[in-house]
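Participant: Numbering (this note's numbering), first residue to last: 1 to 258.
We put the CB at the ideal spot given by N, CA and C, even for glycine.
Note that the coordinates shown come from a computational prediction; the quantities given were computed from them, not determined experimentally.
If you scroll down you'll find the structure; I have some questions about it.
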């Protein structure tokens, strides 16, 4: 997955649609299923960043480069990578222990490696990423069908609610950002890694676009006249963002081996 949209200065659009954890999850899964080699996976995880290092691996006390870390993770028995995109009140993708949950919640993203029972939490340092390794429990498998249906239902509800409230007004300066949002998931190198089902690829792109849209819309109250309208609009957008996070986590889950 490539860089995607970095737009209107919000957390969801600026982080979740370009999250290193998304890239790490899908390309680690591609490597673990044999669809690509560790060097290719490392290159795609790096993206446009200047460097990634993984600190805390039992077999490599010093911070390891991505190619070394991926080989060590595979050697440690990892069979799949799971994405976590938690926020306060919605710890999606987390199953403990508390130390890992707290670290992942603070970052807003993480990767859990089934089989190795470790989790990786990214810390962004300028154009570089430091991955910190902690003990982690693998989450229950995500239900892709349920998450996909939930995303579709949330989108319909959001469209109806915002139309009813008559607050779906955009500021003129958001227009260019909306053009970029529509491109998410359609550019070269902006798709999931080899080995993923086309349905997962499509759902991931939709989820990323909707996260970006929700973030841009949450920057202000749109055309809301009353406080009640503004609160209703915000609740609708947060519900949409939650459904999109769940769909993205489910879409990035380890693909079925054929």
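Mind checking who residue 61 pairs with in its DSSP beta bridge?
Facilitator: According to DSSP, which records beta bridges pairwise, residue 61 is partnered with nothing at all.
Participant: Tell me the DSSP bridge mates of residue 205?
Facilitator: DSSP lists no partner for residue 205.
Participant: Could you pull the start and end residues of the beta strand (DSSP E) that residue 35 belongs to?
Facilitator: In the DSSP assignment, residue 35 falls outside any beta strand (DSSP E), carrying neither H nor E.
Participant: Buried or exposed for residue 181, please, with buried defined as at least 16 other CB atoms from any protein chain shown within 10 angstroms of its CB.
Facilitator: Any reading at residue 181 needs caution, since the residue's pLDDT is 49, under 50, leaving its predicted position unreliable; the model's value is listed next. So residue 181 counts as buried.
Participant: Can you give me the C-alpha to C-alpha distance between residue 196 and residue 67, rounded to a whole angstrom?
Facilitator: Straight through space, the alpha carbons of residue 67 and residue 196 are spaced by roughly 21 Å.
Participant: Inspect the beta-carbon positions of residue 253 and residue 142 and report whether they are closer than 8 Å.
Facilitator: yes
Participant: Identify the continuous alpha helix (DSSP H) that holds residue 260 and give its terminal residues.
Facilitator: This structure gives no information on residue 260, because the portion of the chain shown stretches from 1 to 258.
Participant: So, for residue 121: in the same chain, excluding its five sequence neighbours on each side, which residues have a beta-carbon less than 6 Å away from its beta-carbon?
Facilitator: Here the set comprises 103, 104, 107, 110, 132.
Participant: Using the Cα positions of residue 21 and residue 232, report the straight-line distance between them to the nearest angstrom.
Facilitator: Note on geometry: alpha-carbon atoms of residue 21 and residue 232 lie some 31 Å from one another.
Participant: Just how far apart, CA to CA, sit residue 84 and residue 112?
Facilitator: 7 Å
Participant: Do residue 214 and residue 251 have their C-beta atoms within less than 8 Å of each other?
Facilitator: Inclusion of residue 214 and residue 251 in the CB contact set at 8 Å is not warranted, their separation being larger than that value.
Participant: Between the alpha carbons of residue 129 and residue 226, how many angstroms are there, rounded?
Facilitator: 42 Å
Participant: Would you mind giving the Cβ-Cβ distance between residue 136 and residue 119, rounded to the nearest angstrom? I have them listed as a contact below 8 Å.
Facilitator: 3 Å
Participant: Give the secondary structure of residue 179 by DSSP, where H, G and I count as helix, E and B as strand, and everything else as coil.
Facilitator: With a pLDDT of only 48 at residue 179, under 50, the local geometry of the prediction cannot be trusted, and no value is derived from it.
Participant: Assign residue 97 to one of two classes, buried (16 or more other C-beta atoms within 10 Å of its C-beta) or exposed (fewer than that).
Facilitator: exposed
Participant: State the Cα-Cα distance for the pair residue 51 and residue 36, rounded to the nearest angstrom.
Facilitator: 20 Å
Participant: Roughly how many whole angstroms lie between the Cα atoms of residue 139 and residue 126?
Facilitator: 30 Å
Participant: From residue 244 to residue 217, what distance separates their C-alpha atoms?
Facilitator: Rounded to whole angstroms, residue 244 to residue 217 spans 15 Å at the Cα level.
Participant: By the DSSP assignment, the beta strand (DSSP E) with residue 133 in it spans what residues?
Facilitator: 128-135
Participant: Can you give me the C-alpha to C-alpha distance between residue 47 and residue 41, rounded to a whole angstrom?
Facilitator: 10 Å
Participant: Can you list, in chain order, the residues of its chain with a C-beta nearer than 6 Å to that of residue 54? Leave out the 5 residues immediately preceding and following it.
Facilitator: 64, 69, 131
Participant: Measure the C-alpha to C-alpha separation of residue 255 and residue 151 and round it to an integer number of angstroms.
Facilitator: 20 Å
Participant: Mapping DSSP to helix, strand and coil, what is residue 14?
Facilitator: For residue 14, the pLDDT reaches just 40, beneath the cut-off of 50, and the residue's location in the model is therefore unreliable, leaving the point undetermined.
Participant: To which residues does DSSP link residue 82 through a beta bridge?
Facilitator: When beta bridges are read from the DSSP output, residue 82 appears opposite 112.
Participant: Is DSSP giving residue 77 helix, strand or coil here?
Facilitator: coil
Participant: What are the boundary residues of the beta strand (DSSP E) that includes residue 122?
Facilitator: 118-125
Participant: Between which two residues does the alpha helix (DSSP H) holding residue 99 run?
Facilitator: 98-107
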